[in-house]
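The structure appears below as structure tokens.
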Amino acid sequence: AVIAVIKERRAGETRVAAVPETVKKLAAAGFSVVVEAGAGLSASFQDADYEAAGAALAKTAKDALGKADILFKVRAPEADEVKALKKGALVVALLNPYQDRTTLDALAAQGATAFAMEFVPRITRAQVMDALSSQANLAGYRAVIEAAWAYGRALPMMMTPAGTIAPAKVFVMGVGVAGLQAIATAKRLGAVVTATDVRPATKEQVESLGGKFVAVEDEEFKAAETAGGYAKEMSAEYQAKQAALITEHIKKQDIVVTTALIPGRPAPKLVSAAQVASMRPGSVIVDLAVEQGGNVEGSKPGEAVVTANGVTIVGHANLPGRIAADSSALYARNLTAFAELLKDKEGQFAPDFEDEILKAALVTKDGAVVHPSLKG
Ligand code: NAD
């Protein structure tokens, strides 16, 4: 079967769905790989290296798509790219299924069989394909780097002949994959780190990384975790109590990194304009949830907003795209592992739609949107 990899055309998307190393692996696994010329350039991967790894180069996306049995992408394909797909072609991408219904409908209308990488279940066997985690990890790292860059002071404590610089106080809100990496990165840079989350399991994780946990630990908190390990939406009462605690804490922070998400829901608002206003001038907030509506009042996708009291709210859309070589490499490995599921025991291209992972990730098939959470 032929796998096509084309250039990402979404504004600001620098990642690519295959890197030379994964092309080699896919070729060894029996796939032919066609890469659109220039597809990897924004992530620092050269055409010649794809060719050396065994890919054929296509001049245009259309040329690549015309041959493809399978399309690997980072983002959902554009409308004209969907139209260029062969009937029955497989599409594997971060389809943003809850927000981008238009593309799902277009894929269904084209007769494509589409898989959303976001829906790969969080079971042990699928960890190697977990694109949300691979990208969130790098986003968490990058968020702290962006904060450090925007912050006019140092993060570590420094004792110099000219005097001592106090360490920065970094507060991480939301301790999932991104938050954990943000804590680890801030610690490595020498900051004093605190963190909060609504899932009780995170307390121990924060402490094991050398951070201090800050949260209202009442009965609701102790019960707040879904079977999938994701956060639940908390009651208004809990949110009010937690907000009061955070109000006191946030005033004393230099850097706040917010990463809180609830699958399929808008991001919870965790930092109010008043809390932002309580921080001292020069403080920095990085809102990782900005594309899902934002955790911070006043954050704007793609912008660094400076408030009246001199607090910078950084709202980079697509933080993984700001570390494109590594995020592409990890995402491409996620896809390469996924490709293994598309073969039968003899190594022939024959997806087993009864496989637990394929079943969970499947969003369109035979002309319809089929995922249970997207029907109706
Ligand atoms: P996520 O991106 O959905 O959310 C980020 C964090 O925000 C979560 O920790 C969530 O609890 C938190 N949050 C939500 N609402 C909040 C609020 N009001 N206040 C504070 N925090 C709030 O989460 P994620 O990074 O995908 O990780 C979720 C969990 O799944 C983690 O425990 C992670 O370790 C686990 N996980 C398991 C597997 C696996 O078993 N294969 C793979 C990846 C992640």
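Residues 2 to 377 (the UniProt record's numbering) make up the sequence shown, in order.
Beta carbons: idealized from backbone N, C-alpha and C, even for Gly.
Beta-carbon contacts of residue i that lie in its chain and below 6 Å, excluding the five residues immediately before and after
i, result
"V17", "A40, G41, A44, S329"
"D50", "P21"
"L246", "V217"
"A178", "Checking the displayed sequence, the identity of residue 178 turns out to be Val instead of Ala. So the qualifying residues of the chain are S134, A137, N138."
"T114", "L91, K366"
"A232", "V199, R200, I263"
"A94", "K74, A77"
"D255", "A169, K170, S284"
"V215", "T195, T197, H250"
"residue 427", "Residue numbering for the chain in the displayed model covers 2 to 377; residue 427 lies beyond these limits and cannot be assessed."
"L96", "A77, A117"
Bounding residues of the alpha helix (DSSP H) (the contiguous stretch that carries residue i)
i, result
"A117", "Here A117 belongs to no alpha helix (DSSP H); instead the beta strand (DSSP E) covers 114-117."
"T104", "102-110"
"F222", "220-224"
"T203", "203-209"
"T227", "Element bounds for T227: n/a, residue is neither H nor E."
"G180", "178-189"
"I146", "132-151"
"residue 1", "In the structure as shown, the chain starts at 2 and stops at 377, and residue 1 therefore has no counterpart that could be examined."
"A274", "274-278"
Same chain, Cβ closer than 7 Å to residue i, five either side skipped, listed in chain order
i, result
"R143", "L320, R323, I324"
"A80", "A107"
"S236", "E221"
"A274", "E298, G299"
"Y332", "R16, A18, V75, A132, S135, Q136"
"D356", "L342"
"E292", "P302, A318"
"G89", "G112, T114"
"Q206", "V176, L181"
"E52", "L58"
"G230", "R123"
"V307", "T313"
Cβ-based neighbour list, residue i, same chain, cut-off 8 Å, excluding 5 preceding and 5 following
i, result
"K242", "V217, D219"
"G67", "A85, K87"
"P282", "N310, G311, V312"
"G368", "A109, A110, G112"
"M158", "T165, I166, A167, P168, G191"
"K25", "A54, G55"
"K253", "K170"
"E234", "I263, R266, P269"
Beta carbon proximity, residue i to chain B, threshold 7 Å
i, result
"V306", "You won't find chain B in this structure, because it holds only one protein chain."
Residue j beta carbon less than 7 Å from that of residue i
i, j, result
"Q276", "T259", "no"
"F32", "L336", "no"
"A268", "A290", "yes"
"I184", "A196", "yes"
"L342", "L359", "yes"
"A56", "V36", "yes"
"A117", "V364", "yes"
"A163", "L156", "no"
"V370", "L105", "yes"
"I7", "A65", "yes"
"V257", "F172", "yes"
"A187", "V194", "yes"
"A340", "P122", "no"
"N296", "A244", "no"
"I71", "V34", "no"
"V315", "A151", "yes"
"A338", "M130", "yes"
"Y99", "G348", "no"
"A38", "D48", "yes"
"L271", "M174", "yes"
Where the beta strand (DSSP E) containing residue i begins and where it ends
i, result
"E37", "33-37"
"A290", "Neither: A290 is in no beta strand (DSSP E) and is coded neither H nor E."
"V173", "170-174"
"I263", "Looking at the DSSP string, I263 is not in any beta strand (DSSP E), and its letter there is neither H nor E."
"H24", "For the sequence presented, residue 24 should be read as Val rather than His. Taken as a continuous stretch (DSSP letters only), V24 belongs to no beta strand (DSSP E), being part of the alpha helix (DSSP H) at 21-29."
"I4", "3-6"
"I166", "164-166"
"M159", "159-161"
"A12", "Premise fails: A12 is in no beta strand (DSSP E) and is neither H nor E."
"T195", "193-197"
Every unbroken beta strand (DSSP E) inside the stretch 308-367 [3 residues or more]:
313-315, 363-366
Exercise. Any chance you could list the beta strand (DSSP E) runs of at least 3 consecutive residues sitting entirely within the stretch 45-92, in chain order?
Key: 57-59, 71-76
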